[in-house]
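Peer 1: Before we start, here is the structure in question, set down as structure tokens.
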Amino acid sequence: MLLCLGEILRPERLTAIVAALNKARFIEGKATAGWLAAGVKNNQQSRDGGLAPLAAEIEAALSAHPVFALAARPRRLHPIVFARYTPGMAYGPHVDDALMGEPPLRTDLALTLFLSAPESYTGGELTIDHPGGEQSYKLSAGAGVLYPATSLHHVTPVTEGVRLVAVTWVQSLIRDPGRREILFDLDTARRTLFARDGKSREVDLMSKSLANLLRLWAEP
Ligand code: NI
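The working numbering puts the first residue of the sequence shown at 408, with every later residue one more than the last.
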């Protein structure tokens, strides 16, 4: 399941984050790529200590995003990485490492949060392989794509302007994507029914099923 999440960050916070990134120090992105991805990774990234409060702010905004919480069921979140693509930069086809950091975080889901306005740069589309083909994403600033980290994906070359993104990975309480989707659908249906008709026996039974499926499947 792949989802686009709107308004993870409010416009005024986005402006402040972009201003801080414009002053931050970036290094070659290759430094953190595995041997195979290093051959196709041509971007810059920063985990400049000065950006730590902004990274923490984004992590908090994500954790508070209702759709993110239901779709990802996060157990752990990788610290935010800020990436920059200037003209000529791209990230060729690759799959993200399955395990990152220490203790290792299993990357079940990846998230790209777009920080630059789409009209401010040319190219720089996040393109994700699906069984049926490829799908490209270039969302408005403040919106993000949450997608299975199991997919091959790439970022098309930026030819003009600057593409700033924040990326992170999620280890989910629910490892299996099919199970995560069942929980997402059931929870969404339960909340919709409750919002429409209030508390009912049906809502209670759906809540019971949801809780019992979590007991069966969650890896806390
Ligand atoms: Ni990637």
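Just so you know, even glycine gets a beta-carbon here, dropped at the ideal spot from N, CA and C.
Along the beta strand (DSSP E) that carries residue 577, what are the first and last residues, could you check?
Peer 2: 570-579
Peer 1: Could you tell me if residue 560 is buried or exposed, where buried requires 16 or more neighbouring beta carbons within 10 angstroms of its beta carbon?
Peer 2: buried
Peer 1: Does DSSP put residue 547 in a helix, in a strand, or in coil?
Peer 2: coil
Peer 1: Tell me the residue span of the alpha helix (DSSP H) that contains residue 536.
Peer 2: Residue 536 -> not in any alpha helix (DSSP H); beta strand (DSSP E) instead, spanning 533-537.
Peer 1: With 16 as the cutoff for other CB atoms within 10 Å, does residue 611 come out buried or exposed?
Peer 2: exposed
Peer 1: Just to confirm my understanding: we take residue 529, look at its own chain, exclude 5 residues before and 5 after, and list those with CB closer than 8 Å. What are they?
Peer 2: Result list for residue 529: 565, 566, 567 and 568, in chain order.
Peer 1: Going straight from the alpha carbon of residue 507 to that of residue 418, what length do you get?
Peer 2: 31 Å
Peer 1: CA-CA distance, residue 525 and residue 547?
Peer 2: 6 Å
Peer 1: To the nearest angstrom, how far is it from the Cα of residue 489 to the Cα of residue 582?
Peer 2: 26 Å
Peer 1: Identify, in the order they occur along the chain, each residue of the same chain with its Cβ nearer than 6 Å to the Cβ of residue 420, setting aside the five sequence neighbours on each side.
Peer 2: none
Peer 1: With a 10 Å radius around its C-beta and 16 neighbouring C-beta atoms as the bar for buried, classify residue 570 as buried or exposed.
Peer 2: Per the 10 Å Cβ criterion, buried.
Peer 1: CB residue 468 to CB residue 579, shorter than 8 Å?
Peer 2: Going by C-beta atoms, residue 468 is not nearer than 8 Å to residue 579.
Peer 1: Whole angstroms are fine: how far does the CA of residue 409 sit from the CA of residue 585?
Peer 2: Taking the straight line from one Cα to the other gives about 12 Å.
Peer 1: Would residue 485 count as contacting chain B if we go by Cβ distances under 8 Å?
Peer 2: The displayed structure is made up of one protein chain only, and chain B is not part of it.
Peer 1: Could you tell me whether the segment 596-616 touches the segment 537-551, where touching means 3 or more Cβ pairs closer than 8 Å?
Peer 2: no
Peer 1: Cβ of residue 503 versus every heavy atom of the ligand NI: is any distance shorter than 7 Å?
Peer 2: yes
Peer 1: Within 10 angstroms of its Cβ, does residue 472 collect 16 or more other Cβ (buried), or is it exposed?
Peer 2: buried
Peer 1: Could you tell me if residue 575 is buried or exposed, where buried requires 16 or more neighbouring beta carbons within 10 angstroms of its beta carbon?
Peer 2: buried
Peer 1: Which whole runs of the alpha helix (DSSP H) in the segment 434-480 are 4 residues long or more, in chain order?
Peer 2: 442-445, 459-471 and 473-479
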